[in-house]
Amino acid sequence: MRFIILASTALALVQEVIAHNAFSKLIVNKTVTPDWKYIRNTDYDAYWWQTPIDRVFPYPTMNQQEMETTNMTCGRNAFKYAPYTYSAAVEAGTEIGFETWVCCGLAPGIWHPGPIQIYMTKSPSGKPLGELTGYDSEWFKVAYWGPIDENHWYPQDKSQFIFTLPATTPPGDYLVRIEHWMPLRPSYAQWYVNCAHITVVAPSTGGEIKPGNPEIHGTVKFPGGYQFTHPGISLPKEVQQTKNDDYTESIIFQNLTRFEPPGPKVWKGE
Ligand SMILES: *[C@@H]1O[C@H](CO)[C@@H](O)[C@H](O)[C@H]1NC(C)=O
Ligand SMILES: *[C@@H]1O[C@H](CO)[C@@H](O)[C@H](O)[C@H]1NC(C)=O
Ligand SMILES: *[C@@H]1O[C@H](CO)[C@@H](O)[C@H](O)[C@H]1NC(C)=O
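Throughout, my numbering is defined as the position within the sequence shown, counted from one, plus 306.
Written out as structure tokens, the structure is:
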């Protein structure tokens with residue numbers, strides 16, 4: 307009898323936990339680095355609907371209602387972990403990226419439908435990344451993965467998100483922030499956010515490079531820069547439909563090529 311109860315609890319746990327993701331690994335120099343070495347760890351939280359046994363494995367992810375708080379900057383209480391996060395030296399012009407966490411029943415790849423974007427912000431000179439909250443920083447966008455056709459999203463089931471850091475990136479210390487969200491229902495998107503620490507150094511080849519202007523397309527603040535009413539967050543009915551009005555039934559995406567993500571255009575080095 308006891309065995310049966312435990313088995314069914316374990317099954318419920320796996321089913322619940324697996325629907326979330328976190329980005330724990332930085333990819334640099336074509337190497338996947340250790341979990342949380344260059345990425346700010348976050349607090350884990352149990353949700354009200356978890357049973358006491360499930361609470362042993364709380365979620366390292368955002369709660370849907372936290373879009374307007376400082377947890378939107380780098381994840382739940384991530385600044386607490388900033389002093390314990392290393393900064394990875396990255397040569398401008400090379401590829402960097404994030405890989406998802408495989409732990410505690412989390413899905414090995416992106417589970418939810420939805421886009422991914424990556425932003426960066428430069429630490430003011432003389433301010434170590436371990437002291438930078440990012441709350442008042444101006445963030446510019448460096449990568450975006452959206453829909454691949456009318457009904458599907460590129461990130462789905464993938465675990466690595468890699469982009470080329472422009473060769474013209476001004477040298478210095480940066481926070482690199484990845485965000486993935488599932489547009490669940492109006493004003494209720496689920497957010498998954500993590501931040502890496504990197505130190506950009508000038509390319510070792512190619513001679514003198516004139517620094518670009520990463521803020522040329524505009525910047526955004528986290529929190530504060532995104533509104534629930536943005537059509538990339540609360541998707542209009544022509545784009546997202548559910549079987550019932552309160553959006554608790556499964557979502558059907560359509561006309562996704564009309565999707566416009568929130569935030570400025572991606573900076574490509576100009
Ligand atoms: C951020 O998340 C933590 C952990 O879930 C929570 O305790 C805290 O209240 C949140 N912070 C804010 C500013 O909402
Ligand atoms: C990546 O490669 C560059 C150039 O060799 C090196 O300076 C840097 O330390 C490496 N970064 C990491 C995190 O290994
Ligand atoms: C959206 O998709 C539906 C179903 O494919 C289609 O009937 C409708 O015409 C589309 N609407 C727009 C505005 O593209």
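From the three backbone atoms N, C-alpha and C, an ideal C-beta is built for every residue, glycine too.
Give a single yes or no on whether residue i has its beta carbon closer than 7 Å to a heavy atom of ligand 2.
| i | result |
| --- | --- |
| residue 396 | yes |
| residue 334 | yes |
Any heavy atom of ligand 1 within a distance shorter than 7 Å of the CB on residue i?
| i | result |
| --- | --- |
| residue 439 | no |
| residue 349 | yes |
| residue 376 | yes |
| residue 372 | yes |
| residue 346 | no |
| residue 519 | no |
| residue 500 | no |
| residue 483 | no |
Opposite residue i in the DSSP bridges: which residues?
| i | result |
| --- | --- |
| residue 497 | 487 |
| residue 504 | 394 and 480 |
| residue 531 | Residue 531 pairs with nothing; no bridge assigned. |
| residue 572 | 447 |
| residue 332 | 404 |
| residue 426 | 446 and 482 |
| residue 338 | 333 |
| residue 546 | 559 |
| residue 416 | According to DSSP, which records beta bridges pairwise, residue 416 is partnered with nothing at all. |
| residue 345 | 502 |
Of all the options the options, which has the alpha carbon lying nearest to the alpha carbon of residue i?
| i | options | result |
| --- | --- | --- |
| residue 327 | 404, 387, 396 and 383 | 404 |
| residue 437 | 407, 481, 558 and 474 | 481 |
| residue 374 | 561, 575, 431 and 497 | 497 |
| residue 512 | 335, 400 and 495 | 400 |
| residue 472 | 402, 376 and 333 | 402 |
| residue 500 | 336, 349, 541 and 337 | 349 |
| residue 393 | 562, 466, 479 and 541 | 479 |
| residue 486 | 398, 420, 377 and 433 | 420 |
| residue 344 | 423, 376, 379 and 396 | 396 |
| residue 518 | 341, 398, 333 and 381 | 398 |
| residue 574 | 522, 503 and 381 | 522 |
| residue 527 | 416, 446 and 561 | 446 |
| residue 417 | 431, 334, 464 and 427 | 464 |
| residue 490 | 441, 452 and 546 | 546 |
| residue 426 | 502, 347 and 434 | 502 |
| residue 432 | 505, 451 and 461 | 505 |
| residue 407 | 429, 333 and 442 | 333 |
| residue 439 | 483, 475, 564 and 340 | 483 |
| residue 443 | 342, 495, 525 and 559 | 525 |
With hydrogens ignored, establish whether the beta-carbon of residue i is closer than 7 Å to any heavy atom of ligand 3.
| i | result |
| --- | --- |
| residue 561 | yes |
| residue 544 | yes |
At 3 residues or longer, and completely inside the region 441-477: list those beta strand (DSSP E) runs for me, N to C.
-> Secondary structure within the region 441-477: the beta strand (DSSP E) runs of 3 or more consecutive residues, fully enclosed, are 446-451 and 466-470 (chain order).
Give a yes or no on contact between the region 454-464 and the region 381-400, applying the rule of three or more CB pairs nearer than 8 Å.
-> Segments in contact, no.
Are the region 563-571 and the region 529-549 touching by the rule of at least three beta carbon pairs closer than 8 Å?
-> Touching, per the Cβ criterion.
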